[in-house]
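*Asks:*
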Amino acid sequence: MQALTANTIYTGYRELTKHAIIINDKGRIDAVIPLDDLPKGIKVEKISPGLIAPGFIDLQVNGAGGFMFSELPTLKCISAIAEAQAKFGVTGFLPTLITGPLENMIRASGAVDKAINNIPGVLGIHYEGPFLNSNNAGIHEIKYIKEFNNDLASHLIPSKFGKTIVTLAPEVISDKQIEHLTSVGIIVAAGHTSANINELSNAEKAGLRGVTHLYNAMSQMTARSPGTVGAALANDNLWCSIIADGNHVHDAAFLTAVRAKPPGKLILISDSMAPTGKSNMKIFTACGQTLFIKNGRCITSKNKLAGSLSSLDSAVRYCVKKIGIPISEALRMASTYPAKAIGEDNRRGLIKSGYIADLVVLDESLYPQNIWISGKKICSDKYLK
Numbered sequence: 002m003q004a005l006t007a008n009t010i011y012t013g014y015r016e017l018t019k020h021a022i023i024i025n026d027k028g029r030i031d032a033v034i035p036l037d038d039l040p041k042g043i044k045v046e047k048i049s050p051g052l053i054a055p056g057f058i059d060l061q062v063n064g065a066g067g068f069m070f071s072e073l074p075t076l077k078c079i080s081a082i083a084e085a086q087a088k089f090g091v092t093g094f095l096p097t098l099i100t101g102p103l104e105n106m107i108r109a110s111g112a113v114d115k116a117i118n119n120i121p122g123v124l125g126i127h128y129e130g131p132f133l134n135s136n137n138a139g140i141h142e143i144k145y146i147k148e149f150n151n152d153l154a155s156h157l158i159p160s161k162f163g164k165t166i167v168t169l170a171p172e173v174i175s176d177k178q179i180e181h182l183t184s185v186g187i188i189v190a191a192g193h194t195s196a197n198i199n200e201l202s203n204a205e206k207a208g209l210r211g212v213t214h215l216y217n218a219m220s221q222m223t224a225r226s227p228g229t230v231g232a233a234l235a236n237d238n239l240w241c242s243i244i245a246d247g248n249h250v251h252d253a254a255f256l257t258a259v260r261a262k263p264p265g266k267l268i269l270i271s272d273s274m275a276p277t278g279k280s281n282m283k284i285f286t287a288c289g290q291t292l293f294i295k296n297g298r299c300i301t302s303k304n305k306l307a308g309s310l311s312s313l314d315s316a317v318r319y320c321v322k323k324i325g326i327p328i329s330e331a332l333r334m335a336s337t338y339p340a341k342a343i344g345e346d347n348r349r350g351l352i353k354s355g356y357i358a359d360l361v362v363l364d365e366s367l368y369p370q371n372i373w374i375s376g377k378k379i380c381s382d383k384y385l386k
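In terms of the working numbering, the sequence shown opens at residue 2 and continues consecutively.
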């Protein structure tokens with residue numbers, strides 16, 4: 002049994018001062034209690050200055066620490082990504098497989114199932130593709146984008162031990178096929194799509210639950226044609242993930258999404274690539290092409306965005322400092338809301354009795370100092386800095 006105290010504790014549903022988090026030997030939160038009620042003799046770690054919040058959960062991590070999951074879908078790669086993501090306060094993430102050969106899907110699935118039981122923070126897998134709209138491919142290789150077929154879909158099996166998101170274009174798949182994917186436990190999201198408002202609405206009724214990286218690689222909104230963007234903003238049942246790096250989405254468009262979506266339905270993601278957390282990496286390979294780092298952006302040789310250098314801690318700071326979102330809400334967008342999106346909200350995303358003790362310590366400027374995963378401290382101050 003141990004206790005953590007801080008000047009401020011953001012639980013995900015309230016802000017506390019002069020309180021302590023009691024963590025039991027099973028890595029769960031036993032209680033959140035006033036300091037005056039701390040049991041005598043319990044080991045106490047005081048966080049000062051700074052705050053404690055639920056650990057960040059990133060639903061779209063293509064790579065980090067010099068590794069791309071789609072280029073090397075192995076346990077070693079996932080381990081390197083997890084280590085890099087920990088520096089950014091991430092206590093849970095989905096390694097994300099960009100559209101590629103079938104062999105990659107098979108290898109990725111096996112690697113993630115092993116990683117869930119061996120690498121702290123791995124919660125499942127995110128397949129971005131292959132059932133996308135080739136007109137909205139982005140950096141995905143068009144030769145690997147496929148029409149829906151049962152043989153290929155059979156490899157989109159839910160993770161044995163974790164969660165599975167599949168991003169697809171609703172207009173290239175039938176509603177019955179979406180129903181089937183949902184029925185076997187897959188969380189279906191729309192992305193790389195030109196789905197109109199009727200197609201997105203029908204897909205939502207069939208089981209679609211979210212929209213991947215809102216605004217990017219999808220049809221845009223006009224006065225008489227809402228496009229995928231307008232349809233996503235107007236549908237209160239769908240969560241939308243969004244890249245908060247100041248490059249992918251204009252500040253005004255970001256603020257529009259904040260105002261349009263109900264509380265809990267806008268989720269921060271990084272869409273991070275291999276150079277994230279690897280500052281000396283200026284060139285790398287992904288999706289069959291050479292990509293470059295220039296002025297803090299991942300770009301193609303044609304100067305088009307290709308993923309992000311973002312991280313969830315920088316996304317939180319962007320929300321607070323650039324958009325004016327309250328700290329408590331920005332923290333929820335990086336923890337509580339993604340936990341709910343993947344059905345983990347009964348045990349992650351809140352600092353609450355009975356929940357897994359996945360925690361992040363942030364300094365007064367919202368930079369990570371330490372994280373705990375299942376009650377174990379993963380990083381020292383020196384490591385994080």
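Every residue gets a Cβ at the ideal spot worked out from N, C-alpha and C, and that includes glycine.
1) Tell me the residue span of the alpha helix (DSSP H) that contains V123.
2) Where A235 and E200 are concerned, what is the direct C-alpha to C-alpha distance, given to the nearest angstrom?
3) Taking 6 Å as the limit between beta carbons, can you name the residues of its chain near P109, skipping five residues before and five after?
4) In terms of alpha-carbon separation, which member of L95, T100 and E104 lies closest to A116?
5) Does S354 pass the burial test, meaning 16 or more other C-beta atoms within 10 Å, or should it be called exposed?
6) Could you have a look at Y319 and say whether DSSP puts it in helix, strand or coil?
7) How is the beta strand (DSSP E) around S242 delimited, first residue to last?
8) On a CA-only basis, which of Q3, A85, S195 and A54 is nearest F68? Give me that one, please.
9) Whole beta strand (DSSP E) runs in the stretch 254-304 with 3 or more residues, listed along the chain?
10) What do you get for D246, buried or exposed, if any count of 16 or more other CB atoms within 10 angstroms of its CB means buried?
11) N25 and T18 - do their beta-carbons sit closer together than 8 Å?
12) So within the stretch 46-93, which uninterrupted alpha helix (DSSP H) runs reach at least 4 residues, ignoring any that extend past its ends?
13) Per DSSP, which residues does T6 bridge with? Please list them.
14) From D176 to M274, what distance separates their C-alpha atoms?
15) Relative to the C-alpha of G64, which candidate in K164, A287 and D314 has its C-alpha closest?
16) Does the structure place the stretch 252-261 close enough to the stretch 351-370 that three or more beta carbon pairs sit under 8 Å?
17) Measure the C-alpha to C-alpha separation of L169 and S135 and round it to an integer number of angstroms.
18) Under a Cβ-count criterion, where at least 16 other Cβ atoms within 10 Å of its own Cβ denotes burial, should Y384 be classed as buried or exposed?
19) Can you give me the Cβ contacts of T301 inside the same chain, cut-off strictly under 7 Å, excluding the 5 residues immediately before and after it?
20) For G90 versus I372, is the C-beta distance shorter than 8 Å?
*Replies:* Let me lay it out:
1) What you label residue 123 is simply residue 122 of the sequence shown in a count that begins at 1. Element bounds for V123: n/a, residue is neither H nor E.
2) Start at 1 with the first residue of the sequence shown, and residue 235 comes out as number 234. Start at 1 with the first residue of the sequence shown, and residue 200 comes out as number 199. Whole-angstrom Cα-Cα distance: 13 Å.
3) Position 108 of the sequence shown, counting from 1, holds the residue named residue 109. Sequence inspection shows Ala at residue 109; the Pro mentioned does not correspond to that position. Around A109: P74 and L98.
4) Translated into the one-based positions of the sequence shown, residue 116 becomes position 115. Comparing Cα positions, the closest option is L95.
5) Taking the sequence shown and counting its residues from 1, the one referred to as residue 354 is at position 353. Exposed, since its Cβ has fewer than 16 Cβ neighbours within 10 Å.
6) Taking the sequence shown and counting its residues from 1, one reaches residue 319 at position 318. Correct three-state label for Y319: helix.
7) Start at 1 with the first residue of the sequence shown, and residue 242 comes out as number 241. First-last of the beta strand (DSSP E) with S242: W240 to I244.
8) For the purposes of this step, residue 68 is taken as residue 67 along the sequence shown, with counting starting at 1. Minimum Cα distance to F68 is reached at A85.
9) 267-270, 284-287, 290-295 and 298-300
10) Residue mapping note: residue 246 aligns to position 245 of the sequence shown, counting from 1. The residue in question, D246, is buried, as its Cβ has 16 or more Cβ neighbours within 10 Å.
11) In the sequence shown, residue 18 corresponds to position 17, counting from 1. In the sequence shown, residue 25 corresponds to position 24, counting from 1. No, they are not a contact pair.
12) 76-87
13) Taking the first residue of the sequence shown as position 1, residue 6 is located at position 5. In DSSP, T6 forms a bridge with A21 and K47.
14) One-based indexing of the sequence shown puts residue 176 at position 175. One-based indexing of the sequence shown puts residue 274 at position 273. Taking the straight line joining both Cα atoms gives about 32 Å.
15) Your numbering for residue 64 matches position 63 in the sequence shown. Considering only alpha carbons, the answer is A287.
16) no
17) For the purposes of this step, residue 169 is taken as the residue at position 168 of the sequence shown. For the purposes of this step, residue 135 is taken as the residue at position 134 of the sequence shown. Rounded to the nearest angstrom, the two C-alpha atoms are 11 Å apart.
18) Position 383 of the sequence shown, counted from the start, is the residue given in the question as residue 384. With a pLDDT of 40 at Y384, under the threshold of 50, the modelled position of this residue cannot be trusted; read the value that follows with caution. Answer is exposed; the Cβ neighbour count stays below 16.
19) Indexing the sequence shown from 1 puts residue 301 at position 300. Within the same chain, T301 has close Cβ partners I140, Q290, L292 and A307.
20) Your numbering for residue 90 matches position 89 in the sequence shown. Your numbering for residue 372 matches position 371 in the sequence shown. A contact, by the Cβ cut-off of 8 Å.
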